[in-house]
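Everything on this sheet refers to the single structure shown next.
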Amino acid sequence: MPLTVTGYNFFKDSMVIANNSTSDRLTMPSLSITNAGNYFCTYNRYASSSSPESHHIDLKVIERPSAPTLLLSPERNVFVVNQSVVIRCFLPGRPDATEINLYQNGAIIYGSDNLGVLSLASTEKRNTGNYTCEYKIVIAGRTVDSHPSNEATLVVIDLPPTPVLRHAYSLQNNSREVEITCEIPNPFSSIHGYRLYRNGGEVSSSQGNRFVKNYSLEFDGCYYCRSFVKILREEILSRKSDEVFLTLEERSRRSCQTQNSASGYDLSNEGIKLYGSILIGKVIVLISILLIFGLYLLVLHLSSQKSQSEE
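So that you can map any letter, position 52 of the sequence shown is 52 in full-length UniProt numbering, and since no number is skipped, the others follow by simple counting.
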């Protein structure tokens, strides 16, 4: 402050907002719409009145555009490597947006299109991160950034390893039990649990990989198991193990032959036998009809010849 100046006065719309300030600057740390107006200032000197008014400045304050919404499709956060996901930035009705940007961990993503859509046809682990987006519009010749969107977390992991189902029969207190083990060939520390299935329906779940089942009339069936991990409250299941047929008898020759064909249908030996028996039955019926029809034609032919000979 010059020695002859004792203070500064700041005005907004001709109203004093700072009187005889020791600083020649008026700082507004957080602008709002109410700060818009016409500003000027004066200064005070020793043994004299205040100076003439400075030139006037019209301060315009605009609201930042409202935040867009970031969505993942499918609507979940955890994906397995090579699965597909689409990241979309939805604007709140702003067709005047000049630019839409997506960010991963704060860094701009250059692979998205002009509509704020990033399509990942085959996810990789490097796609893991926190995603946001924003858009830009032009107001009074100036490009203005919107508020940032919500943050969406994307986690890409390997599919949990496929377990192997093993079983052992035992005799305990005259009641027979079977211990079923869901084994991982290579130890995988991040496995959170295992699920056991019979004939396609879940029968038990455990953090450990051992299940003890008592024999009952409903015991017989095809068993398999899966391992799973939990991330962000989402459960990711492994592929199912090979199916094993268990019965009240300690030894059974029956096997569960599940064929995961491209069509997604499983055909068992019993199904093949049933289909074959139906087909054979239809063939026998067809042959019988043809024989009866042939005999009928033969009788007609013989009758015709007999009539001609009598004439």
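The C-beta atom is built at its ideal place from N, Cα and C for all residues, glycine as well.
Predicted model only: the values in this text are computed from it and were never measured.
Practice task
Look up E99 in the DSSP assignment and give the residues it is bridged to.
Solution key: Reading the sequence shown from its first residue, position 99 is the one you call residue 99. Partner(s): K136.
Practice task
Count the other C-beta atoms from every protein chain shown that fall within 10 angstroms of the C-beta of G116, then say buried if there are 16 or more, exposed otherwise.
Solution key: Taking the sequence shown and counting its residues from 1, the one referred to as residue 116 is at position 116. Classification for G116: buried.
Problem - V8, buried or exposed, once every other Cβ within 10 Å from all chains shown has been counted against 16 - result: Counted from its first residue, the sequence shown places residue 8 at position 8. In the sequence on display, residue 8 carries Tyr and not Val. The residue is buried, with at least 16 neighbouring Cβ atoms inside 10 Å.
Problem - Beta carbon of R239 nearer than 9 Å to that of T162 - result: Here the question's residue 239 lines up with position 239 in the sequence shown. Here the question's residue 162 lines up with position 162 in the sequence shown. For R239 and T162, yes; Cβs fall inside 9 Å.
Exercise for the section: Can you check DSSP and say which residues form a bridge with C256? Expected result: Residue mapping note: residue 256 aligns to position 256 of the sequence shown, counting from 1. According to DSSP, which records beta bridges pairwise, C256 is partnered with nothing at all.
Exercise for the section: Can you grab the Cα-Cα spacing for the pair A168 / S227, in whole Å? Expected result: Residue numbering aside, residue 168 sits at position 168 when the sequence shown is read from its first letter. Residue numbering aside, residue 227 sits at position 227 when the sequence shown is read from its first letter. A168 and S227: Cα-Cα distance of roughly 20 Å.
Problem - Proximity winner among L72, Y39, E218, relative to H56 (alpha-carbon distances) - result: Here residue 56 refers to the residue found at position 56 of the sequence shown. When only C-alpha atoms are compared, the closest one is Y39.
Problem - CB-CB length for P148 against V229, believed under 8 Å - result: The residue given as residue 148 occupies position 148 in the sequence shown. The residue given as residue 229 occupies position 229 in the sequence shown. With 8 Å as the limit, P148 and V229 do not qualify as a contact, their Cβ atoms being about 31 Å apart.
Problem - Which of helix, strand or coil DSSP assigns to K12 - result: Taking the sequence shown and counting its residues from 1, one reaches residue 12 at position 12. Strand, per DSSP.
Exercise for the section: Can you give me the Cβ contacts of Q104 inside the same chain, cut-off strictly under 7 Å, excluding the 5 residues immediately before and after it? Expected result: Numbered from its first residue, the sequence shown carries residue 104 at position 104. Counting only Cβ-Cβ distances below 7 Å, and skipping sequence neighbours, we find G129, Y131.
Handout entry: Rounded separation between S206 and N77 - CA only
Key = Taking the first residue of the sequence shown as position 1, residue 206 is located at position 206. Taking the first residue of the sequence shown as position 1, residue 77 is located at position 77. Rounded to whole angstroms, S206 to N77 spans 24 Å at the Cα level.
Practice task
Run the CB neighbour count on L295, radius 10 Å, all protein chains shown included, and call it buried at 16 or more, exposed below.
Solution key: Mapped onto the sequence shown, residue 295 falls at position 295. Exposed, since its Cβ has fewer than 16 Cβ neighbours within 10 Å.
Practice task
Using a threshold of 9 Å, state whether the C-beta atoms of T69 and N150 are closer than that.
Solution key: For the purposes of this step, residue 69 is taken as the residue at position 69 of the sequence shown. For the purposes of this step, residue 150 is taken as the residue at position 150 of the sequence shown. Contact: yes.
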